[in-house]
Amino acid sequence: DGLHIVRGRAQYGAGLFCKDVEMVIHDCLFYQNSVSQIDEDGDSVGRETSGGGAIFCTNSDLRISESEFIANQATALVQESYNVNRATAIGGAILLDGTSMIQCTRTLFRDNIALALAENGHFVNYSRAEGGAIRHEGKGVIQLDNSVFFGNAAVAGAYPLWSNPIVFGEEIILNHCTFFGNEWKNGYYLPTPPNGVRAATATISNSILWDATYSLEAEAVHLLASNVDGHPASENNLRVEPGFIDPENGDLRLRLDSPCLDSGVDSGLRLDLLSQARPIDHPGVGVDGAEVGFDLGAYEVPLEGYPTWTPSPTGTPTLYPTPTLTLLYDVYPDGVVNAWDLMVLLTRVRESKTEDLAADLFAFSRRWMTLLGD
């Protein structure tokens, strides 16, 4: 609870290694942890494998909430002149195997990468990059609620032997999640898999998957009240530009004119990624009435929308802390975590009669002080 795990190094699970345990992670930051294997000597075959840039779990139950995984990396690199070179990188942020189960709630995955490169082999070079953010190699369930995936990547060099996207596993359940700006790449522009999610069985509700090309591939798809690029629109599903505020810079909150407003269904999740209570019904949009008006994705839009930040006049000097990579605590959206966000939270604490925001206020204060200390 409340840990910052930064710049760890290992072959597997540079931030955390779990075996045969039940692990609960709350309000933690995993930042720039890296697993890597590079160029071991060999006779005729060069093989390098690494996985789980931040976390590796085997036969474990993992529950993560209100946490951030930013710029973690799994790297495998083979460049020596063996007959056959193979590089395997799996799970840029998290790798699971065996019977492991994972549930992520109100969690941000940003700029994580699985990178595999094999070259200079005499005969064959094989690269395998799977799960830029999360990869499950076993049979357990990946369940993601109120979470955002932005800017994650799986990158394989020439001749990808296996190729899979940002979240990959046997069974995946998404509810109120947002995917954007994630991608899979290979060196020779061979056919690529979906940029978002691949599974045998995918159950997706109230979510936005809007990655380039197409976002979802599964043998069995259960889609409810979602906006998924690459899947046709239907009675309760959309296929339309989501209307993010600033998608290129990772602000995936929705504009007031977004078609994803009031387009969801009740799934039992009553707080969004920023601790905003849901639902908020926007009159004249979607279905009006009590307990309706759930927005798609990880964010619930306030009635008045999100405030537009106006910088201080040049005559008034203002001190800003170091900008942060994440919008998780940027509740007054100006691109930094600062006193404006504190004022918004304090106002919400004072005025709210239903939300208990003490834990969020404490977590924000601790995160802000950490950023100031950097």
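The sequence shown begins at 86 in the numbering used here and counts up one residue at a time.
Glycine included, every Cβ here is placed at the ideal spot set by N, Cα and C.
Note that the structure is a prediction, hence the values are computed from the model and not measured.
Given residue i, which residues of its chain have a CB within under 6 Å of its CB, disregarding the five upstream and five downstream residues?
| i | result |
| --- | --- |
| leucine 308 | Ile289, Asn322 |
| alanine 238 | Ile198, Gly217, Glu268 |
| glycine 136 | Tyr97, Ala159, Ile175, Gly176, Leu180 |
| glutamate 255 | Lys224, Ala285 |
| aspartate 182 | Thr143, Glu222, Gly223 |
| serine 121 | Ser135, Thr160 |
Might you give, ordered along the chain, the residues of its own chain that have their beta carbon closer than 7 Å to the beta carbon of residue i, omitting 5 neighbours on each side?
| i | result |
| --- | --- |
| isoleucine 257 | Ile227, Val282, Ala284, Ala287 |
| histidine 367 | Leu346, Asp347, Gly378, Leu388 |
| isoleucine 365 | Gly378, Glu385, Val386, Pro387, Leu388 |
Considering just the uninterrupted stretch of the beta strand (DSSP E) at residue i, what are its terminal residues?
| i | result |
| --- | --- |
| aspartate 342 | No beta strand (DSSP E) holds aspartate 342; DSSP gives it neither H nor E. |
| phenylalanine 194 | 193-195 |
| lysine 270 | 268-271 |
| valine 282 | 282-290 |
| histidine 367 | Careful: histidine 367 lies outside any beta strand (DSSP E) and carries neither H nor E. |
| cysteine 189 | 186-190 |
| aspartate 331 | 329-331 |
| arginine 220 | 219-221 |
| aspartate 182 | 179-182 |
| glycine 254 | 252-260 |
| phenylalanine 264 | 263-265 |
| valine 306 | 301-309 |
In this structure, how does DSSP classify residue i when only helix, strand and coil are distinguished?
| i | result |
| --- | --- |
| glutamate 320 | coil |
| arginine 92 | coil |
| alanine 139 | coil |
| threonine 407 | The predicted model places threonine 407 with a pLDDT of 35, which falls under 50 and marks its position as unreliable, so this point remains unresolved. |
| valine 106 | coil |
| serine 232 | coil |
| threonine 432 | helix |
| asparagine 144 | coil |
| asparagine 118 | coil |
| valine 240 | strand |
| serine 152 | coil |
| alanine 424 | helix |
| serine 352 | coil |
Less than 8 Å between C-beta atoms, sequence neighbours within five positions excluded: which residues of the same chain meet that for residue i?
| i | result |
| --- | --- |
| tyrosine 384 | Thr263, Leu337, Arg338, Leu339, Asp357, Leu358, Leu359, Gln361 |
(message) Is it the case that the segment 141-151 contacts the segment 93-112, given that we only count it when at least three CB pairs across the two stretches are under 8 Å?
(response) Yes: the two stretches touch, three or more of their Cβ pairs being nearer than 8 Å.
(request) Please confirm if the segment 332-342 is in contact with the segment 303-320, defined as three or more CB-CB distances below 8 Å between the two stretches. (result) The answer is no - the segment 303-320 does not touch the segment 332-342, with fewer than three Cβ pairs under 8 Å.
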